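Residue numbers (the numbering used here): 28 to 445. Working notes, structure below.
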RNA sequence: GUGGCUGUAGCUCAGUGGUAGAGCACUGGAUUGUGGCUCCGGGGGUCGCGGGUUCAAACCCCGUCAGUCACCCCA
């Protein structure tokens with residue numbers, strides 16, 4: 028329609044939706060802070076190198092989804108596609124690890140990925156997430172998962188599935204990868220085209236392929252859990268035992284894998300079953316990445332984190348009536364608009380949310396607006412009231428109207444609002 | 001990135017070759033300072049955009065852009 032449009036896949040969030048956004052963000056902040064996390068804000072733009080090294084060169088995100096460009100100084104920059112790498116960079120850059128034994132950070136903000144937009148998937152999307160540096164788990168792993176479930180529950184997102192897996196550590200993944208390729212190679216010809224490609228790039232992904240021709244080869248494949256070392260196994264048991272102790276329902280999903288290279292040991296995903304989610308049903312994904320900090324040149328430090336898609340949380344939340352954004356609507360005759368403005372200011376200074384129609388329209392149309400605004404109280408100011416030193420206070424829900432003295436106005440309004 | 005479907009008023013949609021419609025929303029009014037219900041009126045659309053076929057295109061054809069669904073991937 029209009030010639031000027033927002034960039035494809037990047038959406039405006041209009042005031043009508045803002046209540047829901049604020050509710051999600053506020054609930055997340057409060058919960059994270061109750062669990063001992065502190066907010067961190069990192070730049071939207073980072074050196075491209077950070078994501079190439081942090082996320083992994085052969086991942087889909089790095090290979091084809093990043094917004095990368097050269098700035099005027101010739102530096103290669105990238106709009107952040109996720110939050111974990113930036114957090115690690117900031118943590119290292121400011122030597123936070125030397126100042127405290129365990130760091131717990133949370134973040135809220137937009138991320139950028141140049142994918143084909145669909146429901147629940149946009150090119151600018153928003154994530155809330157947490158990261159913990161310096162605690163090897165497994166208790167903190169379970170606590171993190173439980174916090175996510177509690178957060179979603181608070182927002183009314185009850186119909187979720189929590190999937191948990193362990194990718195092992197050290198060379199577990201490598202050994203498993205080799206065994207898996209050895210298993211799949213004889214089936215190569217019957218695998219789907221995608222999976223034949225994945226055989227080289229990321230064979231673990233063949234396991235959760237939806238193509239029917241891949242199902243058989245995947246079903247008979249060795250499972251990653253069989254390759255765990257004793258330590259990895261004990262760690263994974265610890266995660267499960269703690270989740271059970273917390274009463275958090277979960278399922279072990281031995282074939283759960285992710286498209287980011289950095290994960291080790293604990294891996295989890297929260298899937299929404301209800302709401303308006305389409306094919307993008309993953310609300311939250313996360314896991315341990317004990318190797319990343321060392322890989323980026325820092326001291327070997329265990330780490331775990333997750334990210335949640337705010338748009339997806341919103342899609343899975345139940346609808347609810349929006350709270351009235353106003354307390355009072357001031358209705359004034361055209362000739363007394365100046366004193367009406369002063370009246371509105373007085374109420375606002377007292378902390379009330381006040382709107383007035385100052386265009387000089389008929390009282391009837393002002394009342395119509397007052398009604399639609401949702402404000403429970405209308406105050407009427409005309410020549411008579413200005414002369415008499417009072418104000419008419421009308422409770423729009425009840426239809427009752429009383430005259431209140433000007434100097435008792437704030438108290439009377441407060442009383443009417445309950 | 002691949003395939004399917006859809007683009008008509010702010011929103012939800014009807015209209016399938018012959019002068020652009022409905023409901024909701026917005027807005028004015030229904031006698032002298034008062035909302036919600038009802039009634040009457042008003043504004044608002046180069047029918048996504050570009051090209052083609054035709055005497056004539058919202059309608060048929062091609063392209064393009066956007067949205068959406070599935071795949072892929074992921075939050």
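For glycine and all other residues, C-beta sits at the position ideal for the given N, C-alpha and C. Nothing here was measured: the structure is a model prediction, and the numbers come from that model.
DSSP three-state call for residue i: helix, strand or coil?
i, result
"residue 79", "helix"
"residue 389", "coil"
"residue 40", "coil"
"residue 421", "strand"
"residue 49", "helix"
"residue 319", "helix"
"residue 119", "helix"
"residue 104", "strand"
"residue 279", "strand"
"residue 408", "strand"
"residue 174", "helix"
"residue 194", "coil"
"residue 246", "helix"
"residue 28", "Unreliable positioning characterises residue 28 in this predicted model, as indicated by a pLDDT of 38, which lies under 50. A coordinate reading is not provided."
"residue 240", "helix"
"residue 402", "coil"
"residue 430", "strand"
"residue 142", "coil"
"residue 284", "coil"
"residue 111", "helix"
"residue 368", "helix"
"residue 271", "helix"
"residue 217", "helix"
"residue 158", "strand"
"residue 255", "coil"
"residue 313", "strand"
"residue 328", "coil"
Less than 7 Å between C-beta atoms, sequence neighbours within five positions excluded: which residues of the same chain meet that for residue i?
i, result
"residue 214", "244"
"residue 439", "420 and 431"
"residue 28", "Low confidence applies to residue 28: its pLDDT is 38, below 50, so where it sits in the model is not reliable enough to give any reading."
"residue 202", "254"
"residue 281", "192, 250, 251 and 252"
"residue 410", "360, 362 and 363"
"residue 400", "353, 356 and 382"
Could you check the C-alpha separation between residue i and residue j for me, to the nearest Å?
i, j, result
"residue 157", "residue 294", "14 Å"
"residue 163", "residue 204", "24 Å"
"residue 444", "residue 427", "13 Å"
"residue 446", "residue 308", "Since the displayed the chain opens at 28 and closes at 445, residue 446 lies outside it and no answer follows."
"residue 258", "residue 62", "27 Å"
"residue 371", "residue 398", "17 Å"
"residue 434", "residue 356", "18 Å"
"residue 188", "residue 155", "19 Å"
"residue 369", "residue 50", "32 Å"
"residue 93", "residue 345", "33 Å"
"residue 78", "residue 323", "10 Å"
"residue 64", "residue 131", "5 Å"
"residue 229", "residue 168", "25 Å"
"residue 392", "residue 441", "25 Å"
"residue 150", "residue 236", "24 Å"
"residue 385", "residue 361", "8 Å"
"residue 183", "residue 58", "15 Å"
"residue 147", "residue 175", "19 Å"
According to DSSP, what are the bridge partners of residue i?
i, result
"residue 441", "Residue 441 is not bridged to any residue."
"residue 88", "DSSP lists no partner for residue 88."
"residue 137", "153"
"residue 166", "Bridge partners of residue 166: none, in fact."
"residue 351", "BP columns for residue 351 are empty, so no partner."
"residue 65", "132"
Suppose the cutoff is 8 Å on Cβ atoms and the five residues either side in sequence are ignored; what does the same chain contact list for residue i look like?
i, result
"residue 173", "270, 273 and 275"
"residue 72", "104, 105, 106 and 107"
"residue 74", "102, 103, 104 and 105"
Any heavy atom of the ligand NAP closer than 6 Å to the CB of residue i?
i, result
"residue 389", "Ligands in the displayed structure: none, and consequently the ligand NAP is not present."
Enumerate in chain order the residues of its own chain whose CB-to-CB distance from residue i is below 6 Å, with the five nearest sequence positions on each side excluded.
i, result
"residue 32", "none"
"residue 218", "241"
"residue 69", "113 and 117"
"residue 405", "356, 358, 397, 421 and 423"
"residue 260", "none"
"residue 166", "269"
Report task. Determine contact between the segment 300–312 and the segment 122–136, defined as no fewer than three beta-carbon pairs at a distance below 8 Å. Result -> Flag = no, the segment 300–312 and the segment 122–136 do not touch.
Query raised in the report: Per the contact definition of three or more C-beta pairs closer than 8 Å, is the segment 82–100 in contact with the segment 275–291?
Result: Yes, the segment 275–291 is in contact with the segment 82–100.
**Report entry** Touch test, the segment 190–198 against the segment 360–368, Cβ-Cβ under 8 Å, three pairs minimum
**Finding:** Short answer: they don't touch.
Query raised in the report: Given 8 Å as the limit, is there contact between the segment 328–342 and the segment 309–318, that is, 3 or more CB pairs closer than that?
Result: Yes, the segment 328–342 touches the segment 309–318.
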